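**Q** Letter by letter, the first sequence follows residues 358 to 742 in the working numbering. The beta-carbon is built from N, C-alpha and C at its ideal position, and this holds for glycine as well. Since this is a predicted model, take the numbers as computed values, not measurements. Sharing a structure, written as structure tokens. Questions coming.
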Amino acid sequence: MVTQIISTMETQVSNGPSGTSLPNGPVISTNGSTDDSKTNLIVNYLPQNMTQEEFKSLFGSIGEIESCKLVRDKITGQSLGYGFVNYVDPNDADKAINTLNGLKLQTKTIKVSYARPSSASIRDANLYVSGLPKTMSQKDMEQLFSQYGRIITSRILVDQVTAGISRGVGFIRFDKRNEAEEAIKGLNGQKPLGAAEPITVKFANNPSQKTGQALLTQLYQTAARRYTGPLHHQTQRFSVIPSLGKGPDPNNSSNTILDNLLNASYGVKSSPALFPRFSPITIDSMTSLAGVNLTGPTGAGWCIFVYNLSPEADESVLWQLFGPFGAVTNVKVIRDFTTNKCKGFGFVTMTNYDEAAMAIASLNGYRLGDRVLQVSFKTSKQHKA
DNA sequence: TCGGATT
């Protein structure tokens with residue numbers, strides 16, 4: 358999303374080509390390998406739904422392409438939002454940077470730059486940093502990390518609801534993996550100057566190794582939209598204001614209100630399994646829709662606190678409760694570390710305020726089994742009396 | 001009875 362790119366202020370240090378090349382054609386180095394440092398480009402922030410063919414077509418409009426590749430998830434085939442283009446002529450690579458870098462495509466602003474030579478030493482050099490002071494800027498963070506090596510990219514994630522307040526979480530990509538390792542050794546668990554809390558520094562998850570839940574989130578949202586259109590209008594048709602003694606029949610094992618919600622939204626009975634509802638849709642067909650009408654699971658949104666869950670509660674119950682009201686980007690059941698039982702509460706993040714408000718109005722006081730849920734927007738602080 | 005955060 359363009360707003361995200363701007364708000365997180367990513368910068369990339371120059372990593373332009375080095376070495377020599379002839380005006381035309383690939384450069385053959387003494388060891389026989391091809392030096393494509395002046396022809397090979399990396400393209401970032403491609404729209405999720407752009408295909409390999411569209412990618413090739415776009416960059417082929419500049420000049421003859423030696424090879425190009427849209428990088429996709431090994432399992433789902435989903436675009437990872439970046440790719441490589443290797444031109445025959447270095448002049449075309451230069452031209453592509455000048456004419457296509459910064460191009461706006463749908464909600465993205467693409468970035469076109471020279472690719473660093475592929476090598477094992479630059480892999481897994483990306484760090485995930487959390488616990489940063491909210492006041493720390495991207496520049497501050499770079500300053501802190503730059504003592505360990507050359508920073509390729511850095512980013513601090515910001516809250517999109519409160520217009521740009523740091524989430525205290527960020528990424529640092531070093532040029533070399535060993536630099537990243539040194540930064541972990543030197544900074545993990547350390548307090549930055551003047552900070553109250555230590556930061557956590559670890560290797561970032563590979564975006565391709567997205568959690569099953571994050572993947573489900575994307576599929577779920579897409580499928581829900583596909584089947585029902587915008588949920589906004591549908592949810593407003595329901596007036597589910599349960600109260601004590603007014604919930605589903607306790608003698609009936611089925612959960613009538615929930616079933617009604619799910620039936621109306623999806624035309625199926627509630628089920629702990631998520632996928633069966635969407636079985637008519639294949640991963641492939643959903644993949645092509647991903648990124649359309651979606652903001653994507655970014656962590657931003659309206660956070661909802663759910664209290665009085667049973668010790669056996671799991672994530673699926675939260676999906677089922679809140680999913681019918683609109684876009685849910687995240688659910689979390691808080692568990693005791695040792696017993697792994699639910700501590701009685703959880704969180705749900707919803708993208709749209711209206712849908713979150715409707716979910717709260719409908720589910721607060723809702724009877725789930727023999728418990729009455731309390732549902733509200735999450736408070737920012739724990740107020741202890 | 002209000003976490004942890006993965007571009």
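Using DSSP with H/G/I as helix, E/B as strand and the rest coil, what is Y723?
**A** Y723: coil per DSSP, three-state reduction.
**Q** Can you look up I479 in the DSSP assignment and give me helix, strand or coil?
**A** Of the three classes helix, strand and coil, the one that applies to I479 here is helix, per DSSP.
**Q** Can you tell me which residues form a DSSP beta bridge with L398?
**A** According to DSSP, which records beta bridges pairwise, L398 is partnered with V442, Y471.
**Q** Quick check on DSSP: helix, strand or coil for N562?
**A** Coil, per DSSP.
**Q** Taking C-alpha atoms, which residue in K542, P490, Q500, F502 lies nearest to E554?
**A** Cα-wise, what sits closest to E554 is P490.
**Q** Starting from the C-beta of I513, find all residues in its chain whose C-beta is less than 6 Å away, skip the five residues before and the five after it, and write them out in chain order.
**A** So the qualifying residues of the chain are Q495, S523, G527.
**Q** Do V400 and V445 have their C-beta atoms closer together than 8 Å?
**A** No, they are not a contact pair.
**Q** I'd like to know whether the C-beta atoms of G440 and C425 end up nearer to each other than 8 Å.
**A** Contact flag set, yes.
**Q** So, helix, strand or coil for D516, using DSSP?
**A** Three-state result, D516: strand.
**Q** Just verifying my parser: in three-state terms, what is the DSSP assignment at Q500?
**A** It is helical.
**Q** If you count every other CB in all the chains shown that lies within 10 Å of the CB of D693, and 16 or more means buried, which is it?
**A** Under this definition D693 is an exposed residue.
**Q** Inspect the beta-carbon positions of F416 and A453 and report whether they are closer than 8 Å.
**A** Yes.
**Q** State yes or no: is the C-beta of V558 nearer than 7 Å to some heavy atom of the ligand PLP?
**A** The ligand content of the structure shown is nil, which means the ligand PLP is not present either.
**Q** Between Y664 and T706, what straight-line distance do the alpha-carbon atoms span, to the nearest angstrom?
**A** Distance between the alpha carbons of Y664 and T706: 14 Å.
**Q** By DSSP's criteria, W659 is part of a beta bridge. Which residues make up the other side?
**A** M707, per the DSSP bridge assignment.
**Q** Between the alpha carbons of T510 and R429, how many angstroms are there, rounded?
**A** Going from the Cα of T510 to the Cα of R429 covers about 21 Å.
**Q** Could you spell out where the alpha helix (DSSP H) holding I541 opens and where it closes?
**A** Segment 534–544, the alpha helix (DSSP H) holding I541.
**Q** Between F704, S503, D532, Y505, which lies nearest to D481 when the distance is taken from Cα to Cα?
**A** For the residues F704, S503, D532, Y505, the minimum Cα distance to D481 belongs to D532.
**Q** Have a look at N562 and A657 and give me their C-alpha separation to the nearest angstrom.
**A** Cα-Cα distance, rounded: 19 Å.
**Q** I'd like to check one pair, V685 with E672: are the Cβ atoms closer than 8 Å?
**A** It is not a contact, given that the beta carbons lie outside the stated cut-off.
**Q** Helix, strand or coil for L427 per DSSP?
**A** DSSP places L427 in strand when its eight states are reduced to three.
**Q** Whose C-alpha, out of I432, I467, Y471, A716, is nearest the C-alpha of T396?
**A** When each option's Cα is compared against that of T396, the closest is Y471.
**Q** Here's a check: name, in chain order, each residue in its chain whose Cβ is nearer than 8 Å to the Cβ of A670, leaving out the five neighbours to either side.
**A** Result list for A670: V690, C699, G703, in chain order.
**Q** Can you tell which of A718, K548, S436 has the C-alpha that lies nearest to the C-alpha of M498?
**A** Comparing Cα-Cα distances from M498 to each of A718, K548, S436, the minimum goes to K548.
**Q** In the DSSP output, which residue or residues are listed as bridge partners for K465?
**A** Its beta-bridge partners are L462.
**Q** Which same chain residues end up closer than 6 Å to D393 when comparing Cβ atoms and leaving out the 5 residues on each side of it in sequence?
**A** Here the set comprises N443.
**Q** Tell me which residues share the same chain as Q731 and place their Cβ nearer than 7 Å to its Cβ, disregarding the 5 neighbours each side in the sequence.
**A** Y664, N665, N721.
**Q** Count the other C-beta atoms from every protein chain shown that fall within 10 angstroms of the C-beta of Q405, then say buried if there are 16 or more, exposed otherwise.
**A** By the neighbour-count rule (16 or more Cβ atoms within 10 Å), Q405 is buried.
**Q** Would you grab the beta carbon distance between S733 and F682 for me? Rounded to a whole angstrom, and I think it's under 8 Å.
**A** That pair is no contact at about 14 Å.
**Q** Which residue from Q435, A713, G459, G701 puts its Cα closest to that of N729?
**A** Checking the sequence, you will find Val at residue 729 rather than Asn. When each option's Cα is compared against that of V729, the closest is G701.
**Q** In this structure, does DSSP put Q731 in helix, strand or coil?
**A** Of the three classes helix, strand and coil, the one that applies to Q731 here is strand, per DSSP.
**Q** Would you identify the three-state DSSP class for P629, choosing helix, strand or coil?
**A** Because P629 sits at a pLDDT of 31, beneath the cut-off of 50, its placement in the model cannot be relied upon, and the point is left open.
**Q** Using the Cβ count rule (16 or more neighbours within 10 Å means buried), how would you classify N687?
**A** That one is buried.
**Q** Kindly indicate which three-state DSSP category T456 falls into: helix, strand or coil?
**A** Correct three-state label for T456: helix.
**Q** Is DSSP giving I556 helix, strand or coil here?
**A** In the structure shown, I556 sits in coil (DSSP, three-state: anything other than H, G, I, E or B).
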